[in-house]
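Take a look at the structure below.
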Amino acid sequence: MWAIALLLGEICLFTACNDDKNDNTPFVEPTVTLTAGEVTTSTLEFAVKLEDADKCAYLYTESSASVPTVEEILASGKSVSASGKVLIEDLNASTSYRISAVATREEFTGEIVSIEMQTSAPDPTPVPNITLTEGSTTTNALTFNVTLTDAEKAAYICLEKSEGLTLPTAAEIISDGTVIPQAGEVTVSELNANTTYIIAVAAANKEVFSEVKSIEMTTDVLVTGPAVFDRQIVGAHYGDTHDTGYSEFYFVLADADATENNGVYTTTGAGRTMSFELYQFAPSNLDNITIPARTYRYNTNYGMSTFSPEKTFCMVNDGKGNITKIEFKAGTIEVKLVGSNYTITANLTTTTDEEFTASYSGTLNIENKAEVPEGLPQIEKDITGMNFIRALAKYYSYGVDNCILNLYDVEPTISGDSDYLLNAGHAVSLDLSTAVSEQMALQEGIYTASVDYDPGTYLPGYEKEFMGMVLPLGTYCEERNDNYESIYGFITGGTVTISKVATGYRLVLDFTTNKGHKISGTYEGKVEFTDKRSTESPKPITETAKALKLRRH
Numbered sequence: 306m307w308a309i310a311l312l313l314g315e316i317c318l319f320t321a322c323n324d325d326k327n328d329n330t331p332f333v334e335p336t337v338t339l340t341a342g343e344v345t346t347s348t349l350e351f352a353v354k355l356e357d358a359d360k361c362a363y364l365y366t367e368s369s370a371s372v373p374t375v376e377e378i379l380a381s382g383k384s385v386s387a388s389g390k391v392l393i394e395d396l397n398a399s400t401s402y403r404i405s406a407v408a409t410r411e412e413f414t415g416e417i418v419s420i421e422m423q424t425s426a427p428d429p430t431p432v433p434n435i436t437l438t439e440g441s442t443t444t445n446a447l448t449f450n451v452t453l454t455d456a457e458k459a460a461y462i463c464l465e466k467s468e469g470l471t472l473p474t475a476a477e478i479i480s481d482g483t484v485i486p487q488a489g490e491v492t493v494s495e496l497n498a499n500t501t502y503i504i505a506v507a508a509a510n511k512e513v514f515s516e517v518k519s520i521e522m523t524t525d526v527l528v529t530g531p532a533v534f535d536r537q538i539v540g541a542h543y544g545d546t547h548d549t550g551y552s553e554f555y556f557v558l559a560d561a562d563a564t565e566n567n568g569v570y571t572t573t574g575a576g577r578t579m580s581f582e583l584y585q586f587a588p589s590n591l592d593n594i595t596i597p598a599r600t601y602r603y604n605t606n607y608g609m610s611t612f613s614p615e616k617t618f619c620m621v622n623d624g625k626g627n628i629t630k631i632e633f634k635a636g637t638i639e640v641k642l643v644g645s646n647y648t649i650t651a652n653l654t655t656t657t658d659e660e661f662t663a664s665y666s667g668t669l670n671i672e673n674k675a676e677v678p679e680g681l682p683q684i685e686k687d688i689t690g691m692n693f694i695r696a697l698a699k700y701y702s703y704g705v706d707n708c709i710l711n712l713y714d715v716e717p718t719i720s721g722d723s724d725y726l727l728n729a730g731h732a733v734s735l736d737l738s739t740a741v742s743e744q745m746a747l748q749e750g751i752y753t754a755s756v757d758y759d760p761g762t763y764l765p766g767y768e769k770e771f772m773g774m775v776l777p778l779g780t781y782c783e784e785r786n787d788n789y790e791s792i793y794g795f796i797t798g799g800t801v802t803i804s805k806v807a808t809g810y811r812l813v814l815d816f817t818t819n820k821g822h823k824i825s826g827t828y829e830g831k832v833e834f835t836d837k838r839s840t841e842s843p844k845p846i847t848e849t850a851k852a853l854k855l856r857r858h
């Protein structure tokens with residue numbers, strides 16, 4: 306027994322000695338160090354450093370998840386066999402992740418090491434930007450250029466400009482507008498001529514919308530087809546510019562703003578102007594000139610109710626820098642006037658044998674630019690002892706009977722119911738007020754000068770501007786020479802004695818003029834009366850003007 310115990314003691318002593326020998330070699334645990342690196346919206350980069358390890362395994366989860374066990378990391382993680390950088394991809398932006406790793410060496414396993422990293426937030430979606438510039442225009446289309454930045458899609462709308470117009474939102478334009486397939490030139494068609502439009506453009510990038518950008522553009526004026534004018538540019542009355550006895554009425558109409566260059570008016574942009582040169586009797590009221598309502602016909606003689614091609618033409622501006630003059634060789638211009646509103650209709654033939662129509666409705670302002678006529682040349686001598694051979698009278702009624710009695714010492718010229726001195730000779734025009742009579746008759750007695758139109762008086766002579774002429778009116782004497790030139794003596798004093806005789810009347814004239822000269826003469830015989838007592842009859846001043854116009858022609 307003692308021998309067995311001794312043997313067991315030696316065995317134990319031998320074993321203890323061997324255990325002491327193994328404990329002298331210290332145990333080193335495998336480790337791994339994780340260091341965070343660069344991050345993006347979808348990646349994480351970290352560094353792995355192995356110590357006393359053959360390799361490591363790592364596993365990443367969102368930070369909100371539980372920390373994995375060693376067994377889970379070794380079973381499901383990815384293996385890294387050397388120190389270095391590791392990149393994890395396809396991650397969610399703005400998300401916190403936990404990376405857990407375990408190092409191993411042979412059969413030995415280290416402890417779990419973890420770091421947390423967060424992917425970066427995504428960049429904000431860029432706001433789309435739009436640049437618009439005007440392009441070309443036609444009468445029915447507008448072209449604009451669009452530049453897009455950071456835009457996935459874009460659209461436009463085109464609205465006719467009106468007062469109080471409100472543009473849709475960017476979202477509404479993208480939803481309901483016309484798609485712009487790509488940046489560049491865009492044309493909007495089927496528009497109205499001479500109309501202003503608002504073109505509004507919007508763009509979108511995902512759910513981010515641009516500001517609404519807009520431009521204002523106007524289609525071209527339609528410069529073909531009937532011309533419809535809506536404004537007057539200028540208007541003037543120039544008087545008898547061609548010594549024909551008829552006044553020139555000039556005015557310019559347009560369908561757009563216009564400017565003048567060397568007497569010719571053209572629109573500042575696309576459009577048409579038309580100038581009119583019409584001839585008619587001069588206006589009786591120069592303070593409120595109206596164009597006589599007539600149909601004016603093409604002619605080059607500057608005659609009554611004509612239009613002259615000299616200043617009747619149309620200027621066409623196509624808005625592209627080209628200006629064309631349209632001239633006429635035939636046609637009519639109709640002028641109607643109701644109150645102060647004119648309706649003007651032109652139906653003309655151009656010099657290139659094309660039909661041309663134009664119209665205007667509205668007021669016209671006509672400024673008097675006629676030269677002020679000089680006064681009538683006056684008699685500067687006595688004219689006595691005239692023997693008159695013809696007496697022509699026009700019989701009016703204005704409360705008293707008024708008689709314009711013309712005495713001639715030569716045969717007068719008679720045209721219709723007008724009479725006047727055409728050739729060399731003398732005439733005296735008596736403006737008499739006589740007693741009212743059913744029959745046309747001259748009151749007997751001695752007539753004196755008066756402005757009160759009392760029976761038995763005559764109206765003193767004077768001159769008056771009327772319809773572009775200076776007329777002799779009242780009681781006056783006219784002397785005409787062989788050169789068809791007349792001088793006048795305006796009678797302001799003296800008497801005319803009227804008495805009945807077997808052959809008709811005897812008149813004895815004993816007058817003085819405003820210049821103090823004597824005018825005297827006699828007439829005996831028939832007085833040829835024309836009844837003008839109808840209310841429709843022209844006034845004496847109109848009769849005088851008509852007679853002078855006839856004499857000029």
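Numbering (my numbering), first residue to last: 306 to 858.
Where a beta carbon is used, it is the ideal one built from N, C-alpha and C, also for glycine.
Run of the beta strand (DSSP E) containing residue i, from where it starts to where it stops
i    : result
A563 : A563 to N566
V640 : I628 to V643
D815 : G809 to T818
G680 : Careful: G680 lies outside any beta strand (DSSP E) and carries neither H nor E.
T797 : S791 to V806
D560 : Unbroken run through D560: none, as it is neither H nor E.
G544 : R536 to G544
G389 : G389 to I393
N434 : N434 to T442
T573 : From DSSP, T573 is part of no beta strand (DSSP E); its letter is neither H nor E.
L527 : Counting along the chain, L527 falls outside any beta strand (DSSP E), and DSSP gives it neither H nor E.
L764 : From DSSP, L764 is part of no beta strand (DSSP E); its letter is neither H nor E.
M609 : Per DSSP, M609 belongs to no beta strand (DSSP E) and is neither H nor E.
V372 : Segment: none, V372 is in no beta strand (DSSP E) and carries neither H nor E.
V775 : M774 to L778
Beta-ladder partner(s) of residue i, from DSSP
i    : result
D706 : S702 and T739
H731 : E784
V344 : L349
T424 : Answer by DSSP bridge pairing: none, since T424 is not bridged.
S664 : V533 and T650
M579 : L558 and C619
D724 : I719
F413 : R410
E468 : Paired residues: none, contrary to the question.
S384 : A362
I462 : A505
T827 : N692 and V813
Residue i in three-state terms, based on DSSP
i    : result
V756 : coil
S480 : helix
A475 : helix
I688 : strand
V832 : coil
I485 : coil
M745 : coil
K518 : strand
Y551 : coil
R838 : coil
L355 : strand
R599 : coil
T500 : coil
Y713 : strand
F449 : strand
N673 : strand
I594 : coil
Residue span of the alpha helix (DSSP H) that contains residue i, given as start and end
i    : result
V375 : V375 to S381
Cβ shell of residue i (< 7 Å), same chain only, five flanking positions each side left out
i    : result
T572 : A559, A561, D562, A563, T578 and N622
R838 : Y700, Y701 and S702
T637 : T600, Y601, R602 and N652
E521 : K466, T501 and I503
K686 : H822
Anticipated Cβ contact below 8 Å, residue i with residue j, distance rounded
i    : j    : result
A541 : E676 : Actually they are not in contact, since the Cβ atoms of A541 and E676 sit about 12 Å apart, beyond 8 Å.
V375 : I417 : 6 Å
A498 : T444 : 4 Å
Close beta carbons around residue i, own chain, < 6 Å, minus the five adjacent residues each side
i    : result
T386 : Checking the displayed sequence, the identity of residue 386 turns out to be Ser instead of Thr. Within the same chain, S386 has close Cβ partners K360.
T438 : N450
L508 : Here residue 508 turns out to be Ala, not Leu, going by the sequence shown. Taken in chain order, the residues that qualify are P433, I435, L453, A456, A459 and S515.
I751 : T800 and T802
Same chain only: Cβ atoms within 8 Å of residue i, ignoring 5 sequence neighbours per side
i    : result
K326 : Model confidence at K326 stands at a pLDDT of 44, short of 50, so the residue's coordinates are unreliable; what they give is reported in the following sentence. Nothing listed; no residue qualifies.
K390 : G342, E350, F351, A352 and V353
CB contact below 8 Å: residue i versus chain C
i    : result
V432 : The displayed structure is made up of one protein chain only, and chain C is not part of it.
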